[in-house]
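Residue numbers (full-length UniProt numbering): 1 to 211. Here a beta-carbon is modelled for each residue, glycine too, at the ideal position from N, C-alpha and C. First up is the structure itself, then whatever we jot down about it.
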Amino acid sequence: MSVTLKAIKREDHARSTTRNLRESGQVPAVVYGKDKETKSIAVNSIELVKTVRDEGRNAIISLDIDSGNSVDVMLHDYQMDDIKDELLHADFYIVNMGEAMDVDVSIRLDGDAPGVKDGGIMQQALYEAKLRVKPNAIPEEIVLDVSNMTMGDIIIVADLPKSSEYEILEDDDTTVATILAPRTDDDVEGIENENAEPELVGEVQKDKNEE
(Lines of atoms letter the chains of each structure in order from A; the text may use other names.)
(Lines give C-alpha, C1' and ligand atoms only; values in the text may rest on other atoms or scores of the structure.)
Protein backbone atom coordinates (compact mmCIF):
# COMPACT_ATOMS: atom_id res chain seq x y z
CA MET A 1 0.00 0.00 0.00
CA SER A 2 1.38 3.38 -0.98
CA VAL A 3 0.97 6.76 0.67
CA THR A 4 0.19 9.92 -1.28
CA LEU A 5 2.48 12.94 -1.33
CA LYS A 6 1.51 16.05 -3.24
CA ALA A 7 4.08 17.71 -5.51
CA ILE A 8 4.26 20.71 -7.80
CA LYS A 9 6.14 21.07 -11.07
CA ARG A 10 9.26 23.17 -10.90
CA GLU A 11 9.99 25.13 -14.06
CA ASP A 12 12.24 27.91 -12.77
CA HIS A 13 15.65 26.67 -11.55
CA ALA A 14 17.09 30.05 -10.62
CA ARG A 15 18.84 30.17 -7.26
CA SER A 16 16.51 32.89 -6.00
CA THR A 17 13.47 30.77 -6.86
CA THR A 18 14.98 27.69 -5.22
CA ARG A 19 15.77 29.71 -2.11
CA ASN A 20 12.21 31.03 -1.98
CA LEU A 21 10.89 27.48 -2.29
CA ARG A 22 12.90 26.33 0.71
CA GLU A 23 11.87 29.37 2.73
CA SER A 24 8.22 28.53 2.03
CA GLY A 25 8.67 24.98 3.36
CA GLN A 26 9.14 23.22 0.01
CA VAL A 27 12.01 20.93 -0.97
CA PRO A 28 13.36 21.00 -4.55
CA ALA A 29 13.40 17.49 -5.98
CA VAL A 30 13.68 15.43 -9.15
CA VAL A 31 11.73 12.38 -10.33
CA TYR A 32 13.42 9.90 -12.65
CA GLY A 33 13.38 6.25 -13.62
CA LYS A 34 14.37 3.72 -16.24
CA ASP A 35 13.34 5.00 -19.67
CA LYS A 36 11.49 7.87 -17.94
CA GLU A 37 11.89 11.58 -18.46
CA THR A 38 13.44 13.38 -15.51
CA LYS A 39 11.08 15.95 -13.98
CA SER A 40 11.84 18.78 -11.59
CA ILE A 41 9.35 19.11 -8.75
CA ALA A 42 8.99 20.37 -5.20
CA VAL A 43 7.33 18.72 -2.20
CA ASN A 44 6.43 19.88 1.28
CA SER A 45 9.42 19.32 3.57
CA ILE A 46 7.41 18.44 6.67
CA GLU A 47 5.14 16.03 4.79
CA LEU A 48 8.12 14.25 3.23
CA VAL A 49 9.92 13.85 6.56
CA LYS A 50 6.70 12.62 8.21
CA THR A 51 6.08 10.10 5.43
CA VAL A 52 9.58 8.61 5.66
CA ARG A 53 9.46 8.58 9.47
CA ASP A 54 6.06 6.87 9.60
CA GLU A 55 6.34 4.54 6.61
CA GLY A 56 10.08 3.82 6.47
CA ARG A 57 12.72 4.72 3.92
CA ASN A 58 11.57 1.97 1.52
CA ALA A 59 7.99 3.22 1.46
CA ILE A 60 6.20 3.33 -1.88
CA ILE A 61 4.98 6.90 -2.38
CA SER A 62 2.24 7.85 -4.81
CA LEU A 63 3.56 11.19 -5.96
CA ASP A 64 0.64 13.36 -7.02
CA ILE A 65 2.12 15.94 -9.38
CA ASP A 66 -0.18 18.92 -9.82
CA SER A 67 -3.29 16.94 -8.86
CA GLY A 68 -3.82 14.44 -11.60
CA ASN A 69 -0.54 12.89 -12.73
CA SER A 70 0.46 10.31 -10.09
CA VAL A 71 3.53 8.07 -10.21
CA ASP A 72 4.74 5.39 -7.79
CA VAL A 73 8.18 6.31 -6.45
CA MET A 74 10.67 5.62 -3.69
CA LEU A 75 12.90 8.16 -2.01
CA HIS A 76 16.26 7.28 -3.54
CA ASP A 77 18.52 9.96 -2.08
CA TYR A 78 18.44 13.29 -0.28
CA GLN A 79 20.74 16.11 0.81
CA MET A 80 20.73 17.73 4.23
CA ASP A 81 22.05 21.00 5.62
CA ASP A 82 23.89 19.60 8.64
CA ILE A 83 24.11 22.98 10.33
CA LYS A 84 20.42 23.91 10.01
CA ASP A 85 19.25 20.26 10.00
CA GLU A 86 17.07 20.96 6.99
CA LEU A 87 16.34 19.08 3.76
CA LEU A 88 17.99 20.68 0.74
CA HIS A 89 17.08 18.33 -2.09
CA ALA A 90 15.42 14.96 -2.74
CA ASP A 91 15.64 12.35 -5.50
CA PHE A 92 12.63 10.12 -6.23
CA TYR A 93 12.97 6.97 -8.34
CA ILE A 94 9.95 5.75 -10.35
CA VAL A 95 9.30 2.07 -9.60
CA ASN A 96 7.58 -0.65 -11.61
CA MET A 97 5.22 -2.34 -9.15
CA GLY A 98 5.40 -5.60 -11.08
CA GLU A 99 9.20 -5.76 -11.29
CA ALA A 100 11.58 -6.86 -8.53
CA MET A 101 14.21 -4.38 -7.39
CA ASP A 102 17.22 -4.41 -5.03
CA VAL A 103 16.78 -2.65 -1.68
CA ASP A 104 18.52 -2.53 1.69
CA VAL A 105 16.37 -3.65 4.63
CA SER A 106 17.27 -3.28 8.32
CA ILE A 107 17.93 -6.33 10.48
CA ARG A 108 16.61 -6.19 14.05
CA LEU A 109 17.65 -8.64 16.76
CA ASP A 110 14.76 -9.79 18.94
CA GLY A 111 14.65 -11.84 22.12
CA ASP A 112 16.67 -12.38 25.30
CA ALA A 113 19.69 -14.53 24.53
CA PRO A 114 20.82 -16.92 27.31
CA GLY A 115 24.42 -16.19 26.34
CA VAL A 116 23.95 -12.51 27.21
CA LYS A 117 22.30 -13.41 30.53
CA ASP A 118 25.43 -15.48 31.28
CA GLY A 119 27.63 -12.43 30.78
CA GLY A 120 28.35 -12.66 27.07
CA ILE A 121 28.40 -9.67 24.73
CA MET A 122 25.97 -9.58 21.80
CA GLN A 123 27.71 -8.22 18.71
CA GLN A 124 25.72 -7.43 15.57
CA ALA A 125 27.98 -7.46 12.54
CA LEU A 126 25.35 -6.92 9.82
CA TYR A 127 22.67 -4.26 10.26
CA GLU A 128 21.18 -4.35 6.75
CA ALA A 129 20.56 -7.03 4.16
CA LYS A 130 20.17 -6.43 0.45
CA LEU A 131 16.99 -8.01 -0.90
CA ARG A 132 15.54 -8.51 -4.37
CA VAL A 133 11.82 -7.96 -4.00
CA LYS A 134 8.81 -6.39 -5.69
CA PRO A 135 8.02 -2.89 -4.41
CA ASN A 136 4.72 -3.83 -2.79
CA ALA A 137 6.32 -6.71 -0.85
CA ILE A 138 9.32 -4.89 0.70
CA PRO A 139 9.41 -5.78 4.42
CA GLU A 140 9.80 -2.93 6.90
CA GLU A 141 12.56 -4.93 8.61
CA ILE A 142 13.91 -8.45 9.02
CA VAL A 143 13.44 -9.69 12.58
CA LEU A 144 16.02 -12.19 13.79
CA ASP A 145 15.14 -14.28 16.86
CA VAL A 146 18.19 -14.58 19.12
CA SER A 147 16.41 -16.14 22.13
CA ASN A 148 18.28 -19.44 21.69
CA MET A 149 21.79 -18.03 21.30
CA THR A 150 24.34 -19.13 23.88
CA MET A 151 27.93 -18.08 24.50
CA GLY A 152 30.00 -18.38 21.33
CA ASP A 153 27.04 -18.90 19.00
CA ILE A 154 27.15 -17.30 15.56
CA ILE A 155 24.19 -16.53 13.30
CA ILE A 156 24.92 -16.11 9.60
CA VAL A 157 22.89 -14.83 6.65
CA ALA A 158 21.78 -18.39 5.84
CA ASP A 159 19.96 -18.40 9.21
CA LEU A 160 17.84 -15.32 8.42
CA PRO A 161 14.07 -15.86 8.02
CA LYS A 162 13.17 -16.99 4.51
CA SER A 163 10.24 -15.74 2.45
CA SER A 164 8.78 -16.55 -0.94
CA GLU A 165 8.34 -12.81 -1.51
CA TYR A 166 12.01 -11.86 -1.53
CA GLU A 167 15.51 -13.14 -2.25
CA ILE A 168 18.40 -12.33 0.09
CA LEU A 169 21.42 -11.28 -1.98
CA GLU A 170 24.06 -11.36 0.79
CA ASP A 171 26.58 -14.23 0.97
CA ASP A 172 25.17 -17.08 3.07
CA ASP A 173 28.31 -17.27 5.22
CA THR A 174 28.29 -13.58 6.20
CA THR A 175 28.08 -13.18 9.98
CA VAL A 176 24.98 -11.38 11.24
CA ALA A 177 25.36 -11.69 15.01
CA THR A 178 27.49 -13.49 17.58
CA ILE A 179 27.80 -13.67 21.35
CA LEU A 180 31.33 -13.06 22.55
CA ALA A 181 32.68 -14.26 25.87
CA PRO A 182 33.52 -11.38 28.24
CA ARG A 183 37.19 -10.41 28.52
CA THR A 184 38.99 -11.58 31.61
CA ASP A 185 41.89 -9.94 33.45
CA ASP A 186 44.22 -12.41 31.73
CA ASP A 187 42.91 -11.28 28.31
CA VAL A 188 43.57 -7.64 29.15
CA GLU A 189 47.04 -8.45 30.47
CA GLY A 190 47.81 -10.40 27.29
CA ILE A 191 46.76 -7.45 25.13
CA GLU A 192 48.95 -5.10 27.18
CA ASN A 193 51.92 -7.43 26.75
CA GLU A 194 51.34 -7.58 22.99
CA ASN A 195 51.32 -3.79 22.83
CA ALA A 196 54.50 -3.41 24.88
CA GLU A 197 57.47 -2.03 22.95
CA PRO A 198 60.06 -4.74 22.15
CA GLU A 199 63.52 -4.32 23.63
CA LEU A 200 65.99 -3.09 21.03
CA VAL A 201 68.96 -5.48 20.65
CA GLY A 202 71.20 -2.65 19.56
CA GLU A 203 70.41 -0.58 22.62
CA VAL A 204 71.05 -3.53 24.94
CA GLN A 205 74.44 -4.17 23.34
CA LYS A 206 75.31 -0.46 23.63
CA ASP A 207 74.50 -0.44 27.34
CA LYS A 208 76.74 -3.47 27.90
CA ASN A 209 79.66 -1.80 26.09
CA GLU A 210 79.33 1.27 28.25
CA GLU A 211 79.64 -0.69 31.51
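Closest residue to residue i among the options (Cα-Cα distance)
i           : options                   : result
Q124        : G115, A137, P135 and I107 : I107
N44         : E167, K6, G98 and E165    : K6
residue 243 : I60, A181, D118 and D72   : This structure cannot speak to residue 243, because the chain is shown only from 1 to 211.
I46         : E23, E167 and D118        : E23
T175        : L160, V52, Y32 and R19    : L160
M97         : A129, N20, D110 and S62   : S62
Under 8 Å between C-beta atoms of residue i and residue j
i    : j    : result
A29  : A14  : no
I155 : M149 : yes
K130 : D104 : yes
I94  : S2   : no
V49  : L75  : no
D102 : R57  : no
I179 : D145 : no
Length of the line joining the Cα atoms of residue i and residue j
i    : j    : result
K162 : G25  : 42 Å
Y78  : R183 : 42 Å
F92  : I121 : 40 Å
R19  : S147 : 52 Å
P66  : I8   : Going by the sequence as given, residue 66 is Asp instead of Pro. Distance between the alpha carbons of D66 and I8 is about 5 Å.
V143 : D110 : 6 Å
DSSP bridge partner residues for residue i (one or two, in chain order)
i    : result
S62  : T4 and D72
K130 : D104
Exercise for the section: Count the C-beta pairs between the stretch 80 to 93 and the stretch 108 to 121 that are closer than 8 Å, then say yes if the count reaches three, no if not. Expected result: The stretch 80 to 93 is not in contact with the stretch 108 to 121.
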